[in-house]
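Enquirer: Below are the structure tokens for one structure; questions will follow.
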Amino acid sequence: MDGPRFVSAAFQPRRASSDGTTNLPINGRLRPSSRYHQAEGHAMDLRTSRPRSPHATVGGIRFLPRTIDKMRAHLSGTAGDYVAHTGASRTIFRLFGISPGTFEEIVKANQTDEEILVALMGVKKLTPAEIDRFSNGLFMRVACWWLRNDCDPS
């Protein structure tokens, strides 16, 4: 095959930022979050990277890792255009029956995703059936949010 080949940004050489980490590929696109996620307990800089995928799970709960990433970035002042207290993150707050402020305190007090999950389960213990129902119905709820409808996909 002649001519230029498309090379995914994930395989392009990366330049080091001022602190020595490699955040961006040479072409300036955001790095993929699922492959280059920072260590747990450390705030992500969402001005230069993305939170984890909405498909990522902690304890089987979809969207929880992404919500944790956004809250950690909010707490460190590096959220960029991401908002930790509103949007689709509200589905996690509703699942556990907590306010965004309570979730913020839980994230602030715990280092790992698993510790955060234990603290959330201490507020409201979810059954495996509830977790499955939430995770499988999550994207319908997110779609309803985007459409600004007050629908209940249950």
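Taking this note's numbering, the leading residue of the sequence shown gets 19, the next gets one more, and so forth. C-beta atoms are modelled at their ideal positions from N, C-alpha and C, and glycine is treated no differently.
1. Just grab the DSSP bridge partners of residue 80 for me.
2. Quick check: the segment 84–93 against the segment 101–121, are there 3 or more CB pairs under 8 Å?
3. What is the DSSP secondary structure of residue 39, counted as helix, strand or coil?
4. So which of 142, 141 and 134 has the shortest CA-CA distance to residue 83?
5. When we look at the beta-carbon of residue 109 and count the other beta-carbons within 10 Å, is it buried (16 or more) or exposed?
6. Take the Cβ of residue 45 as the centre, count every other Cβ of all protein chains shown within 10 Å, and call the residue buried at 16 or more, exposed below.
7. Between the alpha carbons of residue 149 and residue 97, how many angstroms are there, rounded?
8. Three-state secondary structure (DSSP) at residue 126?
9. What's the gap between the Cα of residue 155 and the Cα of residue 106?
10. Give the secondary structure of residue 153 by DSSP, where H, G and I count as helix, E and B as strand, and everything else as coil.
11. So the candidates are 113, 129 and 131; which of them puts its Cα closest to the Cα of residue 143?
12. In or out: residue 67 buried (at least 16 other Cβ within 10 Å) or exposed?
13. Excluding the five sequence neighbours on either side, which residues of its own chain have a C-beta within less than 6 Å of the C-beta of residue 63, listed in chain order?
Expert: In short:
1. 75
2. yes
3. Caution applies to residue 39, whose pLDDT of 44 falls short of 50 and renders its modelled position unreliable; the value that the coordinates give is listed next. In the structure shown, residue 39 sits in coil (DSSP, three-state: anything other than H, G, I, E or B).
4. 134
5. buried
6. Confidence at residue 45 is low in this model, with a pLDDT of 43, below 50, so its placement is unreliable and no value can be given for it.
7. Roughly 27 Å separates the two Cα atoms.
8. helix
9. Take the alpha-carbon of residue 155 and the one of residue 106: they are about 13 Å apart.
10. helix
11. If we check each option's Cα against that of residue 143, 113 comes out closest.
12. buried
13. 96
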